Amino acid sequence: MSAPDTQSEPLIKVEQLFKIFGSKPQNVISLVKEGKSKEEVLAETGHTVGLSNINLEVQRGEIFVIMGLSGCGKSTLLRHFNRIIEPTDGKILVDGIDVMELNPQQLRDFRRQKMAMVFQHFGLLPHYSVIDNVAFGLKTKGVKKAERLEKAKQWLADVGLAGYEDQYPAQLSGGQQQRVGLARALCTDAEILLMDEAFSALDPLIRSEMQDQLIQLQEKLKKTIIFITHDLDESLRLGDRIAILRDGELVQVGTPQKILLEPANDYIEAFVRDVNRARALTVENVMKPPVRRLTAETIGEAYKQMKASTSDYAYLENDEGFQGSILQATLKKALEQAPCEHAPITEDFLQQECCSPGALLEEVIPNTLDNEYPLPVVNEKGELKGELSRQQLAEVLVQS
Amino acid sequence: MSWLTEVPQLSREALLSIRQTLDSAYRDFSREYGEVIESFFDPLLSFLIWFEKLLIAAPWWLVIAVIVAITHLAARSWKLSLGVAISLFLIGFFGMWENTMSTLSIITVCTLLSIALGVPIGILMARSNRVQSIVTPILDVMQTMPAFVYLIPVVMLLGIGKIPGVIAVVIYAIPPVIRLTNLGIRLVDKEVLEAATSYGVSAWQKLVNVQLPLALPNIMAGVNQTIMMALSMVVIASMIGVAGLGQPVLRSITNQYFTLGLLNGLAIVALAIIFDRVSQAFASRSQRHMRGR
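Protein chains in written order, with our numbering: chain V, 44 to 443; chain A, 6 to 298.
In structure tokens form, the structure reads like this:
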């Protein structure tokens, strides 16, 4: 996953967005703005508050997940970005364009150029062959047939469906149909992808396959993706940032780690309680800075340093970075057997077990448990970044 | 207190004068504009006559060959094609060829006219609830009003002949195609429509590329019903001078010729079955891919 570029101007900006369903929403909006609750508004006026005072920013190139339970307004919110649903009040800016100011023709052009959408139940055209479905966005734009079919073929291959060009959607499995949906969205070259519960209708195995594929594609394409889901595991896996919506209100926006480790209120805490943290958090999120560093050259020196710091283990570093972990017991044994204080520390004394900062906790659990001392965390440049102890791991995993 | 025991009623004179006023107003209208309206229908009439003459003048085997070819193109079924060939041959064999060709021509024209008028009306209905609420009761009247009743003003206006026949048949037969076009478009999957919208389709692109193709099974069911209803009007149309299988049937009613009536009736049934099977087979073949393998 790419880190969002937070320096630049946000690509999408939503300000004070309200959506009220009912016959006369304009009359009700003042009540909502006064702060009356959804239930009060419904009881007094018979109008349903769909979205209330939504403010958010989506950065270029990030996967922004909007999560919530069904009925929380997440799909409604998504449909405001391309104005399939008209807001009752508020402002939506996409790449500096005020979406609300567009006339019908401009709005069509905007939808053709800027955004592409993927649907929960795929939304494919059943009477079009797979390749025509993929080329649909380009056809709408008026791209010539030969050109759009060539491009569609390419994208179909990219999502792993080469050879399925002439099939019809009804002949494909759910997962394959959604790949077609994804290819159709990507084929338009739109900068923004709107994905509405795109993987929710798929069975778990296919879903995680599709998630992997999306992550892979995203590494290459760097699109701005707004992804709707009701599945917290999915949002933690995909999201660079997550917005949690409840009853039409934004409860918390933040990185997956922030939401897991610093839930904004009881609702989110309850929400994240059942999450498989081992699969959602990385070593980086829970490791502690490495205090027991050692830069000795000889066994005697190392032993002395360790005795001074009263620790029974240490991480040896030199100019080339992390070398390995040393146990005091090993050194002591060696010194007792032979006087070798001035001997250099060879590989025999070092233990190479370590983990990378980006690894999921799940992956490092066995190693952490096997080791008596905390596991060193080493990045790909060979630098020691931290340490991960059994206690830390246990604390994070059982925290509730 | 007579209104308690008897239905309050307009007086005889009042009723009479209402009828006379309306009748004479309509008569004046038809005298004034009858010819203009008739000349408006002239192109249709000349097409009808040309088509009927073409079917009758063409050699019988060529007509059968063309119909069988159309059947085969639409249905791709040898069994059906063979059945069509045999039943057409039998119709000719029993001396009903010319009448059958006349009926075939008028039914074809009526069906095409019903589709040409009905589908756009159905589309308009689907686009607007207001149009739907106006058109639906009109369709109800068209379907329940006895055909003879609307034959009267048509005959008054245009006289006896093919055109009033066509108008009567179309009025009777058009409601199914309108209703089912409307229904079909309204039943199109909302998510597919939303998908199309999200890719920025124009209203025309949406109609042509999404709504009509997806409504096609329903529209075809409507067309099928329209054809059947048009055929069932053949006898009534013959009462106002439309040539075809209806006339011998009418003659056999008045003269009690049972066999003549039965044979011509069977010929109508044969035509109906041919139209029905061909249009159904075409519809289901064109929709095959929607259901998977």
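Backbone N, C-alpha and C define an ideal beta-carbon position, used for all residues, glycine too. All values reported here derive from a predicted model rather than from experimental measurement.
Backbone secondary structure at residue i - three-state DSSP
i         : result
Ala-159/V : strand
Arg-316/V : helix
Tyr-358/V : strand
Cys-115/A : helix
Asp-141/V : strand
Gln-210/V : coil
Glu-129/V : coil
Asp-239/V : strand
Ile-72/A  : helix
Gly-203/V : coil
Pro-1/A   : Since the first residue shown for chain A is 6 and the last is 298, residue 1/A is missing from the structure and cannot be characterised.
Lys-428/V : strand
Cys-397/V : coil
Val-325/V : It is worth fixing the name first, because residue 325/V is Thr in this sequence and not Val. Correct three-state label for Thr-325/V: strand.
Pro-419/V : strand
Ser-45/V  : Residue placement at Ser-45/V cannot be trusted, given a pLDDT of 44 that sits under 50; the coordinates are not used to answer.
Lys-79/V  : coil
Leu-436/V : helix
Leu-212/A : helix
Thr-259/A : helix
Ser-443/V : Low confidence applies to Ser-443/V: its pLDDT is 48, below 50, so where it sits in the model is not reliable, and the reading given next is rough at best. Ser-443/V: coil per DSSP, three-state reduction.
Lys-182/V : helix
Pro-387/V : strand
Lys-263/V : helix
Leu-236/A : helix
Thr-108/A : helix
Leu-168/V : coil
Arg-298/A : Confidence at Arg-298/A is low in this model, with a pLDDT of 44, below 50, so its placement is unreliable and the value that follows should be read with caution. In this structure, Arg-298/A counts as coil in the three-state DSSP scheme.
Arg-81/A  : coil
DSSP beta-bridge partners of residue i
i         : result
Thr-91/V  : Phe-64/V
Val-296/V : Ala-286/V
Val-101/V : Ile-55/V
Phe-365/V : Glu-360/V
Met-110/V : Thr-272/V, Ile-287/V
Ile-135/V : Val-57/V
Pro-48/A  : Paired residues: none, contrary to the question.
Thr-353/V : Looking at the DSSP assignment, Thr-353/V forms no beta bridge with any residue, so it has no partner.
Lys-331/V : Glu-430/V
Distance CB(residue i)-CB(residue j) smaller than 7 Å
i         : j         : result
Val-16/V  : Cys-398/V : Outside the shown range of chain V, which is 44 to 443, sits residue 16/V, and nothing can be said about it.
Val-161/V : Gly-224/V : yes
Gly-166/V : Ala-200/A : yes
Val-108/V : Leu-54/V  : no
His-90/V  : Ile-72/V  : no
Ser-368/V : Gln-394/V : yes
Ala-226/V : Trp-198/V : yes
Met-330/V : Leu-431/V : yes
Ile-271/V : Lys-157/V : no
Val-239/A : Gln-216/A : no
Glu-360/V : Leu-427/V : yes
Gly-249/A : Ser-107/A : yes
Val-173/V : Gln-210/V : yes
Leu-440/V : Arg-320/V : yes
Leu-53/A  : Lys-167/A : yes
Beta-carbon neighbours of residue i, restricted to chain A and to distances below 7 Å
i         : result
Thr-183/V : Tyr-204, Gly-205, Val-206, Gln-210
Leu-168/V : Val-197, Val-215
Gly-180/V : Tyr-204
Where residue i meets chain V, residues with beta-carbon distance less than 8 Å
i        : result
Ala-79/A : Those within 8 Å of Ala-79/A in chain V number zero; the least Cβ separation is about 18 Å.
Chain-ordered chain A contacts of residue i [CB-CB under 8 Å]
i         : result
Gly-217/V : Per Cβ cutoff of 8 Å: no residues; Gly-217/V is ~13 Å from chain A at best.
Asp-152/V : Gly-205
Asn-125/V : Ser-203
Phe-162/V : Glu-196, Glu-199, Ala-200
Arg-155/V : Tyr-204, Gly-205
Listed by chain order, chain A residues near residue i by CB distance under 9 Å
i         : result
Ala-449/V : Past the edges of chain V, shown from 44 to 443, lies residue 449/V, and the structure says nothing about it.
Cβ-heavy atom distance, residue i to the ligand GDP, below 6 Å
i         : result
Leu-276/A : Inclusion of the ligand GDP in the displayed structure is not the case, the ligand content being empty and no account of it being possible.
Compile a chain-ordered list of the residues in the segment 211-222 of chain A whose CB is closer than 9 Å to at least one CB of chain V. Asn-214, Val-215, Pro-218, Leu-219, Leu-221
Quick one, which residues of the segment 176-198 of chain A are near chain V if we go by CB-CB under 7 Å, in chain order? Glu-196, Val-197
Select from the segment 189-205 of chain V all residues with a C-beta closer than 7 Å to any C-beta belonging to chain A, and list them in chain order. none
Check distances from the C-beta atoms of the segment 51-84 of chain V to those of chain A and list, in chain order, the residues that come in under 8 Å. none
Residues from the segment 273-284 of chain V in contact with chain A, defined by Cβ distance under 7 Å: none
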